[in-house]
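Residue numbers (the numbering used here): 5 to 550.
Shown next as structure tokens:
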């Protein structure tokens with residue numbers, strides 16, 4: 005069959021399809037819930053609208069919308085608003101509960117506009133979207149935030165109590181030390197009554213003296229002469245570096261001189277493989293021309309477990325924040341997936357038609373190649389969404405911050421295009437790799453970029469410019485990333501509250517996005533800050549240690 009014959013057949017098929025029938029097919033089978041409303045009466049509903057509300061085909065035709073309202077008062081109130089709304093507006097949009105046929109409630113976003121603003125009697129076309137799952141996620145998120153507040157309050161009380169206990173303990177120890185200078189016997193009693201382990205070690209690694217708590221921690225018999233080398237445990241630092249047992253107290257002392265007053269040291273029993281964590285501090289003394297080290301060991305195993313639980317709770321809250329962000333990007337996701345998938349289907353249908361008429365192999369191969377390309381695009385989009393939403397164990401790897409920024413912009417490309425915004429980049433060339441959790445930093449960038457775009461939504465398209473940059477600061481010790489918009493800015497009286505929980509300038513905002521972002525940056529050892537730009541606009545920037 006030649007191309008002229010094929011073109012003639014396709015033209016015949018198109019002539020057989022009545023345009024009105026085509027529109028009817030589209031109306032009945034579109035995945036959106038649509039209805040025609042006139043004088044608050046449902047003239048016609050498509051299949052998706054009937055399925056959403058639990059009705060059969062045609063059951064709602066020519067019925068009053070009162071069937072769909074939970075109460076008469078709600079029906080009357082919305083009617084009063086709707087009655088004059090289109091006199092001043094083109095589009096009506098509302099979020100409300102609706103009643104299914106079985107009496108259950110479904111939360112929906114209702115959007116409507118007149119067929120012809122000059123002829124209101126023709127009625128309006130309405131689109132209904134089911135947001136019940138989104139409402140459930142919001143409720144769960146609010147509940148988790150409330151639980152977090154309770155937990156923070158409890159931890160604050162515990163911390164205050166612990167501080168008071170420590171103050172009492174410090175005062176007690178000071179008095180005990182003064183008494184010990186006067187009486188050796190009192191010193192010996194105090195030495196063995198302390199709730200932390202104490203050891204005195206000479207330069208050869210011999211333990212000259214230890215108290216009861218130290219013997220209990222190490223599993224040794226009090227008063228038995230021994231050296232650090234004889235202890236059965238293995239000792240290591242937070243980063244996993246092993247410490248030579250014979251030089252452990254001296255090693256701790258050397259580290260203290262260059263860093264902090266106390267160190268966290270892990271202790272693993274080689275026999276039962278149980279690990280305990282100790283907070284170790286030491287002091288170098290010189291007695292009779294011999295240097296010794298007095299080391300104090302506090303068991304912080306319980307505290308480390310609590311910190312791990314806190315880290316897991318933080319990771320879970322971060323995941324909830326990502327899920328909430330995904331709800332806002334549903335439209336962008338549908339748009340990105342729609343085009344490649346529709347193209348793939350069309351190419352595959354073309355292949356089927358060609359196979360029916362036994363065409364050349366080259367045409368079939370070309371069509372299949374195009375279909376595979378578009379399906380790969382759809383798969384890549386799904387992969388990105390899955391990586392962003394699924395639970396993950398926070399893992400910090402060496403990353404190029406410019407690549408992280410570019411990936412975030414690629415993910416938000418539809419959102420940027422939808423707002424007619426322009427992004428200007430001021431990225432430093434060839435930045436050094438820095439340790440970070442890519443998913444968490446991308447979440448921070450998503451939030452800051454979306455906030456900047458939305459802040460410029462009421463401006464002229466030419467003025468919607470977002471500036472994003474990266475640079476090294478603090479003499480090469482930190483990497484700074486900034487996101488600057490030229491929107492309406494934040495009022496001076498509320499600028500100090502932007503990072504407070506539940507503070508938001510958006511009508512539908514929860515006020516926890518920036519709070520979560522700040523928590524993520526601080527967990528990386530950085531700082532998130534805000535400043536107003538000259539004229540108008542806002543600038544958010546965060547630092548990450550190199």
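Note that the Cβ used here is the ideal one computed from N, Cα and C, for glycine as well.
{"Asked": "Under the three-state DSSP convention, the category residue 136 falls into", "Found": "helix"}
{"Asked": "Residue 453 beta carbon less than 8 Å from that of residue 402", "Found": "no"}
{"Asked": "Residues near residue 468 by beta carbon distance below 7 Å, same chain, minus five either side", "Found": "423, 424, 425, 426 and 460"}
{"Asked": "Straight-line Cα distance separating residue 248 from residue 291", "Found": "25 Å"}
{"Asked": "Given 8 Å, three or more beta-carbon pairs between the segment 468–486 and the segment 528–548", "Found": "yes"}
{"Asked": "Residue from 478, 72 and 90 whose Cα sits closest to the Cα of residue 122", "Found": "90"}
{"Asked": "Rounded straight-line distance, which links the Cα of residue 50 to that of residue 32", "Found": "5 Å"}
{"Asked": "Simplified DSSP assignment, three categories, for residue 151", "Found": "helix"}
{"Asked": "Start and end residues, beta strand (DSSP E) containing residue 96", "Found": "95–103"}
{"Asked": "Where residue 99 falls, given that 16 or more other Cβ within 10 Å makes a residue buried", "Found": "exposed"}
{"Asked": "Own chain, CB closer than 7 Å to residue 24, minus 5 neighbours either side, in chain order", "Found": "none"}
{"Asked": "Residue 160: CB within 7 Å of a non-hydrogen atom of the ligand PLP", "Found": "Summarising the ligand content, the structure contains no ligands, and the ligand PLP is consequently not present."}
{"Asked": "For residue 3, the residue or residues it bridges with in DSSP", "Found": "Residue 3 lies beyond the range of the chain shown here (5 to 550); nothing can be said about it."}
{"Asked": "Burial state of residue 520, where buried means 16 or more other Cβ atoms lie within 10 Å", "Found": "buried"}
{"Asked": "Distance between beta carbons of residue 115 and residue 97, contact taken as under 8 Å", "Found": "5 Å"}
{"Asked": "Buried versus exposed call for residue 315 [16 or more other C-beta atoms within 10 Å across all chains shown]", "Found": "exposed"}
{"Asked": "Residue from 35, 438 and 146 whose Cα sits closest to the Cα of residue 321", "Found": "146"}
{"Asked": "With 16 other Cβ atoms within 10 Å as the buried cut-off, status of residue 205", "Found": "buried"}
{"Asked": "Environment of residue 466 [buried if 16+ CB atoms lie within 10 Å]", "Found": "exposed"}
{"Asked": "Coil, strand or helix - residue 523 by DSSP", "Found": "helix"}
{"Asked": "Anticipated Cβ contact below 8 Å, residue 135 with residue 112, distance rounded", "Found": "6 Å"}
{"Asked": "CA-to-CA distance, residue 267 to residue 281, given in whole angstroms", "Found": "10 Å"}
{"Asked": "Coil, strand or helix - residue 300 by DSSP", "Found": "strand"}
{"Asked": "Residue 248 (DSSP reduced to helix, strand or coil)", "Found": "coil"}
{"Asked": "Same chain, Cβ closer than 6 Å to residue 429, five either side skipped, listed in chain order", "Found": "472"}
{"Asked": "Test item: CB-CB of residue 489 and residue 541 under 8 Å", "Found": "yes"}
{"Asked": "Nearest residue (CA-CA) to residue 215, options 101, 410 and 300", "Found": "300"}
{"Asked": "First and last residue of the uninterrupted beta strand (DSSP E) at residue 438", "Found": "438–440"}
{"Asked": "Rounded separation between residue 295 and residue 288 - CA only", "Found": "7 Å"}
{"Asked": "Burial state of residue 419, where buried means 16 or more other Cβ atoms lie within 10 Å", "Found": "buried"}
{"Asked": "DSSP-derived helix/strand/coil call for residue 406", "Found": "helix"}
{"Asked": "Residue 45 versus residue 131: straight-line alpha-carbon distance, rounded", "Found": "15 Å"}
{"Asked": "First and last residue of the uninterrupted alpha helix (DSSP H) at residue 26", "Found": "23–33"}
{"Asked": "Continuous alpha helix (DSSP H) stretch holding residue 193: start and end", "Found": "188–197"}
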